[in-house]
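>
Numbering (UniProt numbering), first residue to last: 1 to 46.
1) Would you kindly report the start and end of the unbroken beta strand (DSSP E) that includes residue 22?
2) Measuring straight from C-alpha to C-alpha, what distance separates residue 15 and residue 25?
3) With H, G and I counted as helix, E and B as strand and the rest as coil, what does DSSP make of residue 2?
4) Tell me, please, which residues DSSP counts as bridged to residue 32.
5) Which residue or residues does DSSP assign as beta-bridge partners of residue 37?
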């Protein structure tokens, strides 16, 4: 769809996390995620 928006890939840093079952700290891993930025045309239509 033209004029919809753009998708970009962003890096996620490794962060410490907590296991909810035990409460123990767990090493989180780094990764990637997709981000979406709506075009101005889409913003006006919504």
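Ideal Cβ placement from N, Cα and C applies to all residues, glycine included.
Model, not experiment: these values are computed from the prediction.
If we stick to the structure as given:
1) Looking at the DSSP string, residue 22 is not in any beta strand (DSSP E), and its letter there is neither H nor E.
2) When rounded, the distance between both Cα atoms is 10 Å.
3) Under the three-state reduction of DSSP output, residue 2 falls in the coil class, being neither helix nor strand.
4) In DSSP, residue 32 forms a bridge with 11.
5) According to the DSSP secondary-structure assignment, residue 37 is paired through a beta bridge with 6.
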